[in-house]
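K.L.:
Protein chains in written order, with full-length UniProt numbering: chain A, 1 to 263; chain B, 1 to 263.
Where is the CB? At the ideal position from N, CA and C, for every residue including glycine.
As the structure is a prediction and not an experimental result, all values here were calculated from the model.
Protein chains: 2
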Amino acid sequence: MKESTRRAVLQAIEELGYVSNLAARSLAGQRADAVALVLTEPDWRQFAEPFFSEIVRSLGDARFLEYARGGRVDGVLLMSVHADDRLPDMLAEARLPTVLLGRRSGDEYVSHVDVDNVGGARNAVTHLLKTGSHGHRHHHGAAGHVRVAESDFSEESGRRAMTELLERHPEIDAVLAASDTTAAGALHALRAAGRRVPEDVAVIGFDDFPLAQRTEPRLTKVRQPLEQMGRAMVRLLLEEMEEQPAAWRQVILRTELVVRESS
Amino acid sequence: MKESTRRAVLQAIEELGYVSNLAARSLAGQRADAVALVLTEPDWRQFAEPFFSEIVRSLGDARFLEYARGGRVDGVLLMSVHADDRLPDMLAEARLPTVLLGRRSGDEYVSHVDVDNVGGARNAVTHLLKTGSHGHRHHHGAAGHVRVAESDFSEESGRRAMTELLERHPEIDAVLAASDTTAAGALHALRAAGRRVPEDVAVIGFDDFPLAQRTEPRLTKVRQPLEQMGRAMVRLLLEEMEEQPAAWRQVILRTELVVRESS
DNA sequence: CTGAAAGCGCTTACAG
DNA sequence: CTGAAAGCGCTTACAG
Chain A
1 MKESTRRAVL QAIEELGYVS NLAARSLAGQ RADAVALVLT EPDWRQFAEP
51 FFSEIVRSLG DARFLEYARG GRVDGVLLMS VHADDRLPDM LAEARLPTVL
101 LGRRSGDEYV SHVDVDNVGG ARNAVTHLLK TGSHGHRHHH GAAGHVRVAE
151 SDFSEESGRR AMTELLERHP EIDAVLAASD TTAAGALHAL RAAGRRVPED
201 VAVIGFDDFP LAQRTEPRLT KVRQPLEQMG RAMVRLLLEE MEEQPAAWRQ
251 VILRTELVVR ESS
Chain B
1 MKESTRRAVL QAIEELGYVS NLAARSLAGQ RADAVALVLT EPDWRQFAEP
51 FFSEIVRSLG DARFLEYARG GRVDGVLLMS VHADDRLPDM LAEARLPTVL
101 LGRRSGDEYV SHVDVDNVGG ARNAVTHLLK TGSHGHRHHH GAAGHVRVAE
151 SDFSEESGRR AMTELLERHP EIDAVLAASD TTAAGALHAL RAAGRRVPED
201 VAVIGFDDFP LAQRTEPRLT KVRQPLEQMG RAMVRLLLEE MEEQPAAWRQ
251 VILRTELVVR ESS
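(1) In whole angstroms, what separates the C-alpha of Val222 (chain A) from that of Asp180 (chain A)?
(2) Residues of the region 61-80 of chain B in Cβ contact with chain A at a cutoff of 7 Å, in chain order, please.
(3) Can you find at least 3 beta carbon pairs, one from the region 70-86 of chain A and one from the region 28-37 of chain B, that sit closer than 8 Å?
(4) Tell me which residues share the same chain as Ser154 (chain A) and place their Cβ nearer than 8 Å to its Cβ, disregarding the 5 neighbours each side in the sequence.
(5) Quick one: does Val38 (chain A) have its CB under 9 Å from some CB of chain B?
(6) Would you list the one or two residues that DSSP bridges to Val222 (chain B)?
(7) My understanding is that Met233 (chain B) touches Leu101 (chain B), with C-beta atoms under 8 Å, so please give their C-beta distance in whole angstroms.
(8) So, using beta-carbon positions, are Leu65 (chain B) and Ala94 (chain B) closer together than 9 Å?
(9) Could you tell me the distance, in whole angstroms, from the CA atom of His82 (chain A) to the CA atom of Gly144 (chain A)?
(10) From which residue to which residue does the alpha helix (DSSP H) around Thr5 (chain B) run?
(11) Can you give me the Cβ contacts of Pro225 (chain A) inside the same chain, cut-off strictly under 8 Å, excluding the 5 residues immediately before and after it?
(12) Distance, Cα to Cα, Asp61 (chain B) vs Arg69 (chain B)?
(13) With a threshold of 9 Å between beta-carbons, can His139 (chain A) be considered close to chain B, or not?
(14) What are the boundary residues of the beta strand (DSSP E) that includes Ala36 (chain A)?
(15) Cα separation between Pro198 (chain A) and Ser105 (chain A)?
(16) To which residues of the same chain is Leu236 (chain A) closer than 6 Å at the C-beta, ignoring the five residues directly before and after it?
(17) Between Ala177 (chain B) and chain A, is the shortest Cβ-Cβ distance under 9 Å, so that the two count as touching?
(18) Looking at the structure shown, is Leu101 (chain A) part of a helix, part of a strand, or coil, going by DSSP?
(19) Could you name the residues of the region 82-112 of chain A whose beta carbon sits closer than 8 Å to any beta carbon of chain B, in the order they occur along the chain?
(20) If you follow the alpha helix (DSSP H) that Gly29 (chain A) is in, where does it begin and where does it stop?
(21) If you measure from the beta carbon of Asp116 (chain B) to each beta carbon in chain A, is any gap under 9 Å?
(22) Counting only beta-carbon atoms, is Asp173 (chain A) nearer than 9 Å to chain B?
(23) Under 9 Å between the Cβ atoms of Met229 (chain A) and Val118 (chain A)?
(24) I need the boundaries of the beta strand (DSSP E) containing Asp114 (chain A), first residue and last residue.
(25) With a threshold of 9 Å between beta-carbons, can Ser26 (chain A) be considered close to chain B, or not?
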């Protein structure tokens, strides 16, 4: 075909946002162009890495977008989004009902389910102040000073952040970690520094989606209602799929403070 | 419609093994009847349970079979099969190219990739006998006695099996566990019984698909070539998909003994 | 309520 | 090499 024709077609595709219909292609071509990867239930976790994650990685966002826009699915549940993730936008542009777990920022404009992080943190702090007043912590006054160290969600990162905090602010007597994993790291750092938990320093975690994180002492934590979150995501998605779309929907769920040994 | 007609149709469906074509249905119905569940890469493990596994469970084999037979996929990688799993048979009947990781029994007749478990165990035992001769183990003679305790693949089950073995055969001085997780359980049991590892008892694990199992002391293990296994599965599946099917294909991969501290 | 026709959006032979 | 037609296997209005 003539190069000019070719270019015209390509441009039309671009302008119209044409995406080929995968169902039609499957039907005419007598093939699905897809392969199933099946993990049967009880031990699917076993096969987590590195092979599986590699396969999944190899698919990539682009491949998934083609799949989703090609009409292969009616909606999308996105289980993990980062602040700079553009996938939700692309799905929204394609008018695909989409629900996120968590949100990218305070003014997320794609439907999502999240927990009340602020409320959860507030409860944790209230608890720390209350229990703290029984020990030596009242010396610092009820409000105390707040110190912040940043970490990602890994245990190692939590350990490092805690070590750093202890060096700069050895008077610290309570810690609210961003996740249980981070908290586990903090516990290690505290032990290494010879601090007792909870006698010298109280520690509170924030619910991970727990691959059975067992700490010593057992962690007090802000618990997220996982089941409810799951149900809410499904419900929201079904709503998006059957009704004409609201701009977006949001469900924020309450957390619960589970007091165990570390505070 | 007349009840007799209805029944005749249902019977024809049964006899012919009719399955409605999902691509055609999607195309005509303008909907996919499917929803995507997307876990972006780095922290997809976090969301493992319980919500995700519940969703996955809720799908179930039946639902998946419909999906697969409906022509939604051209082939299937089955990551975990149990001896009594019938899914591979149903996929084979539906003439869907299928590759299993592991096999259900010694005469598996569905294509699969597995490791040389016998060879791996042999290497482990050879190693145990060799290192054993430096310590007190040579008193038992080179071949020694072999004791077997059964467990599933959980840590707790490994702990119980080891405890049981120690009670019945306190002279035990070397252990080959069926998995790293089982080995971790065995290590706990040994510690609880006051045995030193590897001085009193040597322990060897068998590669899990490791969710970072860190043991103290670090585990000697039979390692499975995960990457190769993954590649082999994909290669086999592609072969099944493009060529006229051989009865089945098989790839058995060699293991490697990784000696660390526990032996 | 039932049955035949049109159409979903592609791919694949098949003429020109 | 290019273009028009047939067909993939369903669902969905639309007559009877």
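P.N.:
Per the coordinate set shown:
(1) 9 Å
(2) Phe64, Ala68, Gly71, Arg72, Val73, Asp74, Gly75, Val76, Leu77, Leu78, Met79, Ser80
(3) yes
(4) Thr181, Thr182, Gly185
(5) yes
(6) B:Phe206, B:Leu257
(7) 6 Å
(8) yes
(9) 32 Å
(10) Where Thr5 (chain B) is concerned, the enclosing alpha helix (DSSP H) stretches over 3-16.
(11) Val115, Leu253, Arg254, Thr255, Glu256
(12) 12 Å
(13) In this prediction, His139 (chain A) has a pLDDT of 49, which is less than 50 and means its spatial position is unreliable; what the coordinates show is noted afterwards. Not an interface residue.
(14) Unbroken beta strand (DSSP E) run through Ala36 (chain A): 35-38.
(15) 34 Å
(16) Taken in chain order, the residues that qualify are Val99, Ser111, Arg249.
(17) no
(18) strand
(19) So the close ones are His82, Asp85, Leu87, Leu101.
(20) Run containing Gly29 (chain A): 22-29, per the alpha helix (DSSP H) assignment.
(21) Asp116 (chain B) does not count as touching chain A.
(22) no
(23) no
(24) 112-115
(25) For Ser26 (chain A), the nearest CB of chain B lies under 9 Å from its own CB, placing it at the interface with that chain.
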